[in-house]
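See below for the structure under consideration.
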Amino acid sequence: NAGVTQTPKFQVLKTGQSMTLQCAQDMNHNSMYWYRQDPGMGLRLIYYSASEGTTDKGEVPNGYNVSRLNKREFSLRLESAAPSQTSVYFCASTLTGPSDTQYFGPGTRLTVL
Amino acid sequence: EDQVTQSPEALRLQEGESSSLNCSYTVSGLRGLFWYRQDPGKGPEFLFTLYSAGEEKEKERLKATLTKKESFLHITAPKPEDSATYLCAVAGGTSYGKLTFGQGTILTVHP
Chain H
1 NAGVTQTPKF
11 QVLKTGQSMT
21 LQCAQDMNHN
31 SMYWYRQDPG
41 MGLRLIYYSA
51 SEGTTDKGEV
61 PNGYNVSRLN
71 KREFSLRLES
81 AAPSQTSVYF
91 CASTLTGPSD
101 TQYFGPGTRL
111 TVL
Chain A
114 EDQVTQSPEA
124 LRLQEGESSS
134 LNCSYTVSGL
144 RGLFWYRQDP
154 GKGPEFLFTL
164 YSAGEEKEKE
174 RLKATLTKKE
184 SFLHITAPKP
194 EDSATYLCAV
204 AGGTSYGKLT
214 FGQGTILTVH
224 P
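The listed protein sequences derive, respectively, from chains H and A. Each residue of the first sequence is one higher than the one before, counting from 1 in this note's numbering. Each residue of the second sequence is one higher than the one before, counting from 114 in this note's numbering.
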């Protein structure tokens, strides 16, 4: 099992460019999550998908969109990147709900110039 | 709103010098308290889940405990390879699908 995988590992964008961060899990988990991690701010939830076909906003959703493509894949899209979106992005998944352990991917380090 | 505060922000220990990390939390209906380890440039790695006050879990040199207001991560006779950032998070009953994280404690163990 690869667990949770993320692509790309690193990305540099110019302000206004768009991109999609990809996440996939092979653990047959139902719920998937996108977080961002910034120095001094901790991990903050952007969006989550409790099950295939559903998505909900987290703490910091502005400027992002998500797609739960199927049970395995959950993508995060930046339509018009801003310097404030410079961060490290983590995808996570869990079997059912919040009482279950969330397993994290290796992260994508994004810089917006 | 769920809140998690970790202390200290940073902790420097000598190899073999035992200590504890603190995680204070406020949550409506605790559904789980989680401890993760994070190495530089990597994603958080799961350590423990605690569900109710009085619960304890151990793994090698680490032991996690839980009360109604806080959790402790005790590190016994640490080694340099225990150096990492330790993250605490809670899942509350009113925030389905969301973990609230603390800012972490950066642990450095010197040989």
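Note that the Cβ used here is the ideal one computed from N, Cα and C, for glycine as well.
Pair within 9 Å by beta-carbon distance, residue i and residue j
i                     : j                     : result
residue 150 (chain A) : residue 99 (chain H)  : no
residue 220 (chain A) : residue 148 (chain A) : no
residue 102 (chain H) : residue 159 (chain A) : yes
residue 1 (chain H)   : residue 71 (chain H)  : no
residue 78 (chain H)  : residue 20 (chain H)  : yes
residue 49 (chain H)  : residue 33 (chain H)  : yes
residue 63 (chain H)  : residue 82 (chain H)  : yes
residue 206 (chain A) : residue 117 (chain A) : no
residue 218 (chain A) : residue 124 (chain A) : yes
residue 4 (chain H)   : residue 154 (chain A) : no
residue 58 (chain H)  : residue 45 (chain H)  : yes
residue 126 (chain A) : residue 202 (chain A) : no
residue 13 (chain H)  : residue 112 (chain H) : yes
residue 191 (chain A) : residue 131 (chain A) : yes
residue 25 (chain H)  : residue 91 (chain H)  : yes
residue 238 (chain A) : residue 174 (chain A) : Since the displayed chain A opens at 114 and closes at 224, residue 238 (chain A) lies outside it and no answer follows.
Coarse secondary structure for residue i, derived from DSSP in three states
i                     : result
residue 152 (chain A) : coil
residue 115 (chain A) : coil
residue 85 (chain H)  : helix
residue 195 (chain A) : helix
residue 114 (chain H) : This structure cannot settle anything about residue 114 (chain H), because the visible part of chain H is limited to 1 through 113.
residue 170 (chain A) : strand
residue 122 (chain A) : coil
residue 49 (chain H)  : strand
residue 72 (chain H)  : coil
residue 17 (chain H)  : coil
residue 108 (chain H) : strand
Residues that residue i contacts on chain A, provided the C-beta gap is smaller than 8 Å
i                     : result
residue 106 (chain H) : 155 and 156
residue 43 (chain H)  : 157, 200, 202, 212 and 214
For residue i, the residue or residues it bridges with in DSSP
i                     : result
residue 44 (chain H)  : H:36
residue 187 (chain A) : A:133 and A:176
residue 164 (chain A) : Residue 164 (chain A) is not bridged to any residue.
residue 205 (chain A) : A:143
residue 27 (chain H)  : Partner(s): none; residue 27 (chain H) has no beta bridge.
residue 65 (chain H)  : H:77
residue 101 (chain H) : Paired residue(s): none; residue 101 (chain H) is not in a bridge.
residue 95 (chain H)  : DSSP, once it has assigned bridges, lists no residue as partnering residue 95 (chain H).
Where residue i meets chain H, residues with beta-carbon distance less than 9 Å
i                     : result
residue 167 (chain A) : The contacting residues do not exist; residue 167 (chain A) stays about 17 Å from chain H at best.
residue 162 (chain A) : 99, 100 and 101
residue 145 (chain A) : 98, 99, 100 and 101
Proximal residues of chain A, C-beta to C-beta of residue i below 9 Å
i                    : result
residue 90 (chain H) : 156 and 157
Partner residues on chain A for residue i, Cβ-Cβ distance less than 7 Å
i                    : result
residue 58 (chain H) : 211
Contacts of residue i in chain H (Cβ-Cβ under 7 Å)
i                     : result
residue 217 (chain A) : 42
Beta carbon proximity, residue i to chain B, threshold 9 Å
i                     : result
residue 224 (chain A) : Looking for chain B here will not work: the only protein chains present are H and A.
Next on the checklist: For the segment 178-193 of chain A against the segment 158-167 of chain A, do three or more pairs of beta-carbon atoms, one drawn from each stretch, fall closer than 8 Å, so that the two count as touching?
Outcome noted: Touching, yes.
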